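Numbers 4 to 332, taken from our numbering, label the letters of the sequence shown in order. Don't be surprised by glycine CBs; every beta carbon is placed ideally from N, CA and C. Remember, predicted model here, so these are calculated numbers, not experimental data. Step one of this worksheet: look at the structure below.
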Amino acid sequence: MKNLENLKTKVNPYLIENIAQNMYLEDFEHLERLKSFGKNLCERTLVEKRIYIKQIIKDFGNQDISKLQVRDIEKLLLEDKSHSGSWKNSYLECFGAIYEETKWVCPHAIEKPHFTKFSRNSQKTDIFSTDELNRFFDRTLWDNERDYLIFKIIFSCGLRIGEARAIRINQFHFDDNLILINGFCKKDGTRTNYNKCGSLKEKKWRTCPLSHEVIKLTQEYIQAHSKKETDFLITQEINNKPLSQEYLEKVFKNVLVKAKINFKERKLCPHSLRFTFVTRMRRTEDAETVRQLVGHNSVEMTDYYTRFGYEDFKIAQKNTFEAVENLYN
Numbered sequence: 004m005k006n007l008e009n010l011k012t013k014v015n016p017y018l019i020e021n022i023a024q025n026m027y028l029e030d031f032e033h034l035e036r037l038k039s040f041g042k043n044l045c046e047r048t049l050v051e052k053r054i055y056i057k058q059i060i061k062d063f064g065n066q067d068i069s070k071l072q073v074r075d076i077e078k079l080l081l082e083d084k085s086h087s088g089s090w091k092n093s094y095l096e097c098f099g100a101i102y103e104e105t106k107w108v109c110p111h112a113i114e115k116p117h118f119t120k121f122s123r124n125s126q127k128t129d130i131f132s133t134d135e136l137n138r139f140f141d142r143t144l145w146d147n148e149r150d151y152l153i154f155k156i157i158f159s160c161g162l163r164i165g166e167a168r169a170i171r172i173n174q175f176h177f178d179d180n181l182i183l184i185n186g187f188c189k190k191d192g193t194r195t196n197y198n199k200c201g202s203l204k205e206k207k208w209r210t211c212p213l214s215h216e217v218i219k220l221t222q223e224y225i226q227a228h229s230k231k232e233t234d235f236l237i238t239q240e241i242n243n244k245p246l247s248q249e250y251l252e253k254v255f256k257n258v259l260v261k262a263k264i265n266f267k268e269r270k271l272c273p274h275s276l277r278f279t280f281v282t283r284m285r286r287t288e289d290a291e292t293v294r295q296l297v298g299h300n301s302v303e304m305t306d307y308y309t310r311f312g313y314e315d316f317k318i319a320q321k322n323t324f325e326a327v328e329n330l331y332n
């Protein structure tokens, strides 16, 4: 089999299969090169990239990239009714990476073409208004203090739901009013010791300030449940394992219903609390500061998470009235 692959490479190094077969794989030049350029991709991203690469090889693996027409790629995706616009854009992004790889593995580089992006057919994640936040966090609507506390922390610290599920007692530094975010729970409950955008080699840990209210609630909960330093903060009652993502999503929806918050005509999900945190922090803090707080890889991602509404504009622009008055001066 190896001899066959070597023969194919010698016959035509421009075959897409030959170019892409080892992309985004550990211990191969492509990934090592990305790391040297400072592009450290987490395990989850690498898995996702390989899914798209395998699909591209299946669709176009035996074709010469120097002769492939953009219209052939876009036509295939236009006829694909089973995948979303977001999926197709990710497919094209990986195809673009294959074109970029030609400068390293082919005798002559093939210029990356311009692909037309597909519209995203999913709703954008919405944020909570002040009134909705107050209704959502009405303590009387919650069945227990455990669920109330974890959602308080998710919002107050702008956490991903997996990061909140993974919180251990020793992550709290109450004297400094900080929480150390140093891992997340995968869907199966396995806890990592690195954050979502990190890896075993580059963990991407971060800290986030704690409000006095969250500190008080958390300390009371720890004391009431005799939690030890290495214990998870929030667990299932039966087996002492982290709460499942599905359970928290169900709790979130139930509270929305009780609080009479409309979620049928807009996309509200647990991640909406993280979006709301980013948007509200951007009222007073610069994008780089907020990026560090929430662990985004880029300011562009933080900008994407910012969903300014009327009240946010009103607060953010409160210091501009004097400037408007002095426009003619």
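| Item | Value |
| --- | --- |
| Integer Cβ distance of Ile54 from Ala23, believed to fall under 8 Å | Going by Cβ atoms, the distance from Ile54 to Ala23 rounds to 13 Å, so no, they are not a contact pair. |
| At least 3 beta-carbon pairs within less than 8 Å: the stretch 274 to 282 vs the stretch 131 to 139 | yes |
| Where Cys200 sits in the DSSP three-state scheme | coil |
| Beta strand (DSSP E) segment containing Cys211, residue limits | Arg209 to Pro212 |
| Distance between Gln66 and Arg310 (C-alpha atoms, nearest Å) | 43 Å |
| Assigned exposure category for Pro245 - 16 Cβ within 10 Å defines buried | buried |
| Paired residues, beta bridge with Lys263 - DSSP | In the DSSP output, where bridge partners are listed per residue, Lys263 has none listed. |
| Complete alpha helix (DSSP H) runs within the stretch 17 to 92 (minimum length 4 residues, chain order) | 19 to 23, 32 to 39, 46 to 63 and 73 to 82 |
| Cβ contact check for the stretch 216 to 228 and the stretch 142 to 155: 3 or more pairs under 8 Å | yes |
| C-alpha gap between Gly41 and Asp141, whole angstroms | 45 Å |
| CA-to-CA distance, Tyr307 to Gly91, given in whole angstroms | In the sequence as displayed, the identity of residue 91 is Lys instead of Gly. Approximately 20 Å, taken between the alpha carbons. |
| Lys231 to Arg269 span [Cα, whole Å] | 41 Å |
| Exposed unless 16 or more other CB atoms sit within 10 angstroms - verdict on Leu271 | buried |
| 6 Å CB neighbourhood of Ser159 in its chain, flanking five on each side removed | Ser214 and Val217 |
| Every unbroken alpha helix (DSSP H) inside the stretch 218 to 264 [4 residues or more] | 248 to 261 |
| Chain-order list of residues whose beta-carbon lies under 6 Å from that of Tyr102 (same chain, five-residue window excluded) | Ile113 and Lys115 |
| Contact belief for Val297 with Gly201 at Cβ below 8 Å, rounded distance in angstroms | About 14 Å; that fails the 8 Å criterion. |
| The beta strand (DSSP E) enclosing Ile184, as first and last residue numbers | Leu181 to Ile184 |
| According to DSSP, residues forming a beta bridge with His176 | Leu181 |
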